[in-house]
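Visitor:
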DNA sequence: CGTCTTTTGACAGTTACTCTCATTCGAGAG
DNA sequence: CTCTCGAATGAGAGTAACTGTCAAAAGACG
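Residue numbers (this note's numbering), protein chains in the order written: chain A, 81 to 295; chain B, 81 to 295.
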């Protein structure tokens, strides 16, 4: 009962796929189909968002475009917002941070890992990332949810911190640290999108995390 | 177009009233009635939340209990969530911070002002404050929105910072600072509620903001 | 009192989301 | 290849949070 990650339960499993699968497990036909449906939903949704905007694009239309029933949509994404906000980077971040020396100051670990990760993501999927952040920054309800925990790394960062400290339950200080880093990540992304991605996201993030150290 | 404060527009005016009115303006009959309606809605809502929980309490029932039409409910609170999340402390905070020497480090100002303010609020309205935070902490959608900007002080803190820096538009660094302080405030409140208000909220906040300084 | 403006209530409509149940389809055994 | 089982889907009905419009009620003010 520490910090709930997402309001609603995920559909069934976390088999997501975007940034080069971590494990190249031979997917069963069933899994491949699920993946296709998921990708199709996301792709069609983003296409429609770009064409007609967020509000004008109803879930029914997205489902129709992806050729599934509206029911199915909600089996893949608990809410329309999750379509945009759900990311699959958390496990990557966690693994990367865990691979760092445990006695390194957390902000140092986080800075190195996050900046590196963001740089690679930005290189490979710049267009997608940008559209996502653009949407997130401009749609109020998305921006609102972006600024918080669901779909954001706060919870995982906190778990990492607690684990590092060898504790069972997080202290106030750990929660503050996690929240601050997470807020920096989020705020930087929004800043980036607000400015039309004029700057390099990874560099901005580096600046942001550096700034956190001398508050 | 910096950081939108709230997703939806406020009903009409910001004549709210809880913590000892700042201005003792002689309210017209109309204004007094509005205030009564607002308070009635909030009171009845919290009563119902306590009795039947968040989800079981529909807007229609709240409106009925307050003896206004459902339409009117939304004229006072843009969303059901705002009923819980909207606070009227922002202007107080702003004024208090502005009264500090402009060359004082921001975190120092913030720490002194926020801790003092929170202490006074907690003394005067402990029960209310606690129920609000309890609700916020336990209802996922509320907790989610709490962790972000809408209804939270991020935007105002940012304005203050920008003003202090003598700038027109906030820099990334200013945004990070505002976000970090805001996150600390939020996270502390949740921690407080999570722990059943065992500790003193003002003291916790002091610890949290101190911690921010030596990240 | 009479007029103007603000607030309200009634009502209809949209949409995100939930729940249930029958059907379909892939997995795996024989 | 077939049969069975469990998982995924589709259909449909239902709920509740909002939105927008319009006419009636009520305060402000001369």
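No residue lacks a Cβ here, since even glycine has one placed at the ideal position from N, Cα and C.
What span of residues does the alpha helix (DSSP H) with residue 196/A cover, start to end?
Guide: Walking along the first chain from the start, residue 196/A turns up at place 116. Segment 186-204, the alpha helix (DSSP H) holding residue 196/A.
Visitor: Go through its chain and collect everything with a Cβ distance to residue 121/B's Cβ below 8 Å, but skip five positions before and after it.
Guide: Here residue 121/B is taken as the residue at index 41 of the second chain, counted from 1. Correct list, in chain order: 142, 143, 146, 148, 153, 156, 157 and 163.
Visitor: I need the straight-line Cα distance from residue 102/A to residue 234/B, nearest angstrom please.
Guide: Position 22 of the first chain holds residue 102/A. Position 154 of the second chain holds residue 234/B. No answer about residue 102/A holds up, because its pLDDT of 49 lies below 50 and its placement is not dependable.
Visitor: Judging by CA-CA distance, which residue of 217/B, 208/B and 171/B is the nearest neighbour of residue 274/B?
Guide: Within the second chain, the letter at position 194 stands for residue 274/B. Checked all of 217/B, 208/B and 171/B; the closest Cα to residue 274/B is 217/B.
Visitor: Is there contact here, the stretch 257-273 of chain B with the stretch 260-267 of chain A, by at least three beta-carbon pairs under 8 Å?
Guide: Verdict: yes, contact present.
Visitor: List the whole-angstrom C-beta distance separating residue 281/B from residue 198/B, where the pair is believed to meet the contact cut-off of C-beta under 8 Å.
Guide: Here residue 281/B refers to the residue found at position 201 of the second chain. Here residue 198/B refers to the residue found at position 118 of the second chain. Contact flag correct, Cβ pair sits at about 6 Å.
Visitor: When the Cα atoms are used, what is the spatial distance from residue 63/B to residue 213/B?
Guide: Nothing can be reported for residue 63/B: it is not among the residues displayed for chain B, which extend from 81 to 295.
Visitor: Does the stretch 161-180 of chain B come close enough to the stretch 233-250 of chain B that 3 or more CB-CB pairs lie under 8 Å?
Guide: The stretch 233-250 of chain B, when compared against the stretch 161-180 of chain B, does touch it at the 8 Å Cβ threshold.
Visitor: For residue 125/B, collect the residues of the same chain with a Cβ closer than 6 Å to its Cβ; drop the 5 residues on either side in sequence, then sort them by chain order.
Guide: As a first step, residue 125/B must be located in the second chain, where it is residue number 45. Once the five neighbours on either side are set aside, the close Cβ partners of residue 125/B are 142 and 163.
Visitor: Measuring CA to CA, which of 286/A, 294/A and 295/A is closest to residue 193/A?
Guide: Here residue 193/A refers to the residue found at position 113 of the first chain. The candidate whose alpha carbon is nearest that of residue 193/A is 286/A.
Visitor: Would a C-beta distance cut-off of 8 Å place residue 244/A and residue 190/A closer than the cut-off?
Guide: Position 164 of the first chain, counting from 1, holds the residue named residue 244/A. Position 110 of the first chain, counting from 1, holds the residue named residue 190/A. No, the pair does not count as a contact, with Cβ atoms beyond the cut-off.
Visitor: Please state the DSSP three-state secondary structure of residue 148/B.
Guide: Here residue 148/B refers to the residue found at position 68 when the second chain is read from its first residue. Here residue 148/B sits in coil by DSSP.
Visitor: Using a Cβ-Cβ cutoff of 7 Å, what residues of the stretch 271-294 of chain A are near chain B? List them in chain order.
Guide: The stretch 271-294 of chain A vs chain B, Cβ under 7 Å: 271, 284, 287, 288, 291, 292 and 293.
Visitor: Let me know the secondary structure DSSP gives residue 286/A once reduced to three states.
Guide: Counted from its first residue, the first chain places residue 286/A at position 206. If DSSP states are grouped into helix, strand and coil, residue 286/A belongs with the helices.
Visitor: Does residue 114/A come out as helix, strand or coil in the three-state DSSP assignment?
Guide: Here residue 114/A corresponds to residue number 34 of the first chain, with the count starting at 1. Helix, per DSSP.
Visitor: Quick one: residues in its chain with C-beta nearer than 7 Å to the C-beta of residue 255/B, no 5 flanking neighbours on either side, listed in chain order?
Guide: Your numbering for residue 255/B matches position 175 in the second chain. Here the set comprises 238.
Visitor: Which word fits residue 284/A, buried or exposed, when buried means at least 16 other C-beta atoms lie within 10 angstroms of its C-beta?
Guide: To locate residue 284/A, count along the first chain from 1; it is residue 204. Residue 284/A should be labelled buried.
Visitor: With a cut-off of 8 Å, does the C-beta of residue 268/A fall near any C-beta of chain B?
Guide: Within the first chain, the letter at position 188 stands for residue 268/A. Yes, contact with chain B.
Visitor: Along chain A, which residues have their Cβ under 8 Å away from the Cβ of residue 184/B?
Guide: The count along the second chain starts at 1 and reaches residue 184/B at position 104. Ordered by position in chain A, no residue passes the 8 Å Cβ test against residue 184/B, which lies about 14 Å from the chain.
Visitor: What distance in whole Å lies between the Cβ atoms of residue 134/B and residue 219/B, which are believed to be in contact at a cut-off of 8 Å?
Guide: As a working mapping, residue 219/B is identified with position 139 in the second chain. As a working mapping, residue 134/B is identified with position 54 in the second chain. Confirmed, about 5 Å.
Visitor: Where does the unbroken alpha helix (DSSP H) through residue 250/A begin, and where does it stop?
Guide: Taking the first chain and counting its residues from 1, the one referred to as residue 250/A is at position 170. Careful: residue 250/A lies outside any alpha helix (DSSP H) and carries neither H nor E.
Visitor: Output needed for residue 231/A: all residues of its chain with C-beta closer than 6 Å, excluding positions within five of it in sequence on either side, in chain order.
Guide: Locating residue 231/A in the first chain gives position 151, counting from the first residue. Because residue 231/A sits at a pLDDT of 43, beneath the cut-off of 50, its placement in the model cannot be relied upon, and the following sentence gives the value as read from the coordinates. Excluding residues within five positions, the ones whose Cβ falls inside 6 Å are 165 and 166.
Visitor: Since residue 289/A and residue 187/A are thought to touch, with beta carbons under 8 Å apart, how far apart are those beta carbons, to the nearest angstrom?
Guide: Your numbering for residue 289/A matches position 209 in the first chain. Your numbering for residue 187/A matches position 107 in the first chain. 7 Å between Cβ atoms; contact.
Visitor: Who are the near neighbours of residue 150/A in its chain, counting only those whose CB is closer than 7 Å to its CB and skipping five residues on each side?
Guide: Here the question's residue 150/A lines up with position 70 in the first chain. Hits under 7 Å: 139, 140 and 143.
Visitor: Is the CB-CB distance between residue 130/B and residue 210/B below 8 Å?
Guide: Against the second chain, residue 130/B aligns to sequence position 50. Against the second chain, residue 210/B aligns to sequence position 130. Going by C-beta atoms, residue 130/B is not nearer than 8 Å to residue 210/B.
Visitor: Between the beta-carbon of residue 224/B and the beta-carbon of residue 223/A, is there less than 8 Å?
Guide: Here residue 224/B refers to the residue found at position 144 when the second chain is read from its first residue. Here residue 223/A refers to the residue found at position 143 when the first chain is read from its first residue. The answer is no: Cβ separation not under 8 Å.
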